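Some notes on the structure that comes next.
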Ligand code: MSP
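Residue numbers (the working numbering): 1 to 696.
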């Protein structure tokens, strides 16, 4: 049998779960349900990360012992998963006795093999990140480069894992397993990271400084570094070390097969290095097999901002589910994040998505078919007459899903898989509009045609609901019950289950339309009110930067768009969506220097947040444009300004509306706003278009 073992990160129990945690867990749940449906043996692991400084601090703050704290807080996750219909196989806690034993056994094995050594170490230590940083790694203010909080200079003896010696082996592994990290740009990122020498990893913390951890078996004055402990959960949940020191199964699939290695570790992009550098080198040293794939998803932003407790914009999944139902929330998460990219959560976006896909498209066809069968055929699905071209077309779209959806899911393209299913629903809606069965019902001579239309629609909706089962399990079952059926197995995904004669069940609107004024269930912070910008101020306020295109990908949901990763001289590359398809091939774009409107309000373009827009000039041909070119000396991040206009430094975010107040055009291959030439360090930005052509 084919096996599928998926894991989520284990979540720190210092805080309440939020939309970020629920996303990964729902993704794992959906993938598991799909694989189960397709006949795989599955194992789904989630849990909580209960050691380390963050947790110890949270407990101290509440005035309870760390154990009391974790015993209470892990339940928040379990409760949420229950409410969300998460069907995991095992919930691991790193304070479980057998996990602690496993970690201790692994450490002893590595110590015995000489893979761990001790040395006096000094360096910059970040309490928040619980790790040391080198001088070079600190940010421009000398703070920790991740949380940007101050670091302390600490000198102490510690234990180190010889991670560095596995650098070459890891590089070879990556080179021969290009799909080991998905999406591919994360593979590139890690491959790039490995171009620098790989240091050994400090895996201990002196008990004097941090007591809440697993003691090192070979030195009781130390506890294990929380990441070293946490990563091992993926193995310890299903395997153990026997007396001879061999890795043997603790849990197995129903047919007795071993569960480790995992098929997918699902993680957020912020913890990709720990998973694709620390973890595989630990496994190399232990002699354990590596997971098959690591998948890094992007961040859920709230509007355009990172979620943070200080700004109070944390989306609480419970409130959404209570108000709009579990399945609506699951559907939104699955559909609105293109796996890998950041996604923007807005209340309006949520309402729009649920209303259009579930209330209108899916709810509508189901209700129509259900009502028409009830009123015209006393609730029994009629046998169809002969199929014409339209019927065959619907049937073909439905059958296509049995190939496309599993294929998309194989590479975890969940939002596309959902969209593909919805395309069937929309096809049925179009078919119903075309055939107007409500009119046929009024004409006794059209009874057979009416029967065919209702049969075809019912069978197609049945299939769509079956494909949606992993995403919206409860509503899918309710919808199928309305059609008098249920999902029994993989066969039900194909055309041919209904024959006519099936008795329909009771029914009511599956997804009532959400009608409300656009307010979040919780008070969302008011956006900063900017005074409208006068046209004269726009050129100074525009933050125009030189950028380099690092990657070019097709937009998964829009044929005319590319999704570009660009280096704007910031720590992380930016993602921008751009309609350049009819003007440039991906090869022409890769590594090209461009000019970017960097402080334009980020906006989702067909589901992908575009963080800035590039500048290009019009040509005579429709849809064909030419990119602006920075002067040769320019580097990513350099600012382009208009000659004679001093650029503002107030960090204001502009809207497209602001930009539309001015006009940019080509003059003698340069770009001008009025009389001012756009330039970088005194050299003009150029564009190979006719004089007078617009730049936008
Ligand atoms: N305990 C570690 C993981 C150890 S795994 C061996 C940890 N925990 S965490 O609770 O801080 O984060 C867990 C996951 O939540 C990470 O994958 C992180 O990317 C994800 N998210 C946290 N905020 C997020 C968003 N706003 N959006 C999407 N996911 C984000 O790290």
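Don't be surprised by glycine CBs; every beta carbon is placed ideally from N, CA and C.
Treat the numbers as computed from the prediction; the structure is a model and nothing was measured.
- Where residue 553 is concerned, the enclosing beta strand (DSSP E) starts and stops at 544-554.
- When the five nearest sequence neighbours on each side are left out, the beta carbons in the same chain lying within less than 7 Å of the beta carbon of residue 221 are those of 206, 207, in order along the chain.
- Remark: the C-beta of residue 231 is in contact range of the ligand MSP, defined as less than 7 Å to any heavy atom.
- In the three-state scheme derived from DSSP, where H, G and I count as helix and E and B as strand, residue 254 is classed as coil.
- In this structure, DSSP gives residue 259 a state outside helix and strand, which the three-state scheme calls coil.
- Counting only runs of 3 or more residues that sit fully inside the stretch 177-241, the beta strand (DSSP E) segments are 204-206, 219-224, 239-241, in chain order.
- For residue 158, the enclosing beta strand (DSSP E) covers residues 152-161.
- Residue 118 has 159 as its beta-bridge partners, per DSSP.
- Going by C-alpha positions, residue 639 is about 9 Å away from residue 679.
- Taking C-beta atoms as the reference points, residue 642 and residue 539 count as a pair closer than 8 Å.
- Judged by DSSP in its simplified three-state form, residue 587 adopts helix.
- For residue 66, the secondary structure class from DSSP, reduced to helix, strand or coil, is helix.
- Restricting attention to 169, 119, 146, 187, the CA atom closest to the CA of residue 155 is found in 119.
- Set against 7 Å, the gap from the CB of residue 264 to the closest heavy atom of the ligand MSP is not smaller.
- Secondary structure at residue 687: coil, using DSSP grouped into helix, strand and coil.
- Excluding the 5 residues flanking it on each side, residue 288 has same chain C-beta neighbours closer than 7 Å at 235, 247, in chain order.
- For the options 167, 446, 535, the alpha carbon positioned closest to that of residue 196 is the one of 167.
- Apart from sequence neighbours up to five positions away, the residues of its chain that approach residue 273 with a beta-carbon distance below 8 Å are 190, 193, ordered along the chain.
- Of the residues assessed, residue 664 falls on the buried side of the cut-off, its CB having 16 or more other CB atoms within 10 angstroms.
- Around the CB of residue 105, 16 or more other CB atoms lie within 10 Å, so the residue is classed as buried.
- Taking 8 Å as the cut-off, the Cβ atoms of residue 497 and residue 451 do not count as close.
- Going by beta carbons, residue 238 and residue 254 fall outside the 8 Å limit.
- DSSP places residue 246 in the coil class of the three-state scheme, outside both helix and strand.
- By the neighbour-count definition (other C-beta atoms within 10 Å, threshold 16), residue 153 is an exposed residue.
- Remark: C-beta atoms of residue 230 and residue 10 approach each other more closely than 8 Å.
- Contact check for residue 619 against residue 689 passes: the beta carbons are separated by less than 8 Å.
- Shown here, residue 167 sits in a helix according to DSSP, grouped into three states.
- As the crow flies, the alpha-carbon of residue 447 is around 54 Å from that of residue 564.
- Closer than 7 Å to some heavy atom of the ligand MSP: that does not describe the Cβ of residue 6.
- At a Cβ-Cβ threshold of 8 Å, residue 544 and residue 480 do not count as neighbours.
- By the criterion of a C-beta distance shorter than 7 Å, residue 513 is surrounded in its chain by 355, 359, once the five residues flanking it on both sides are discounted.
- Looking from the CA of residue 489, the closest CA among 80, 81, 39, 93 belongs to 39.
- Looking at the DSSP output, residue 670 sits in a beta bridge with 667, 686.
- Shortest Cα-Cα distance from residue 91 to any of 461, 421, 47, 129 involves 47.
- In the three-state scheme derived from DSSP, where H, G and I count as helix and E and B as strand, residue 337 is classed as coil.
- By the Cβ-count criterion, residue 8 is buried, with 16 or more other Cβ atoms from all chains shown falling within 10 Å of its own Cβ.
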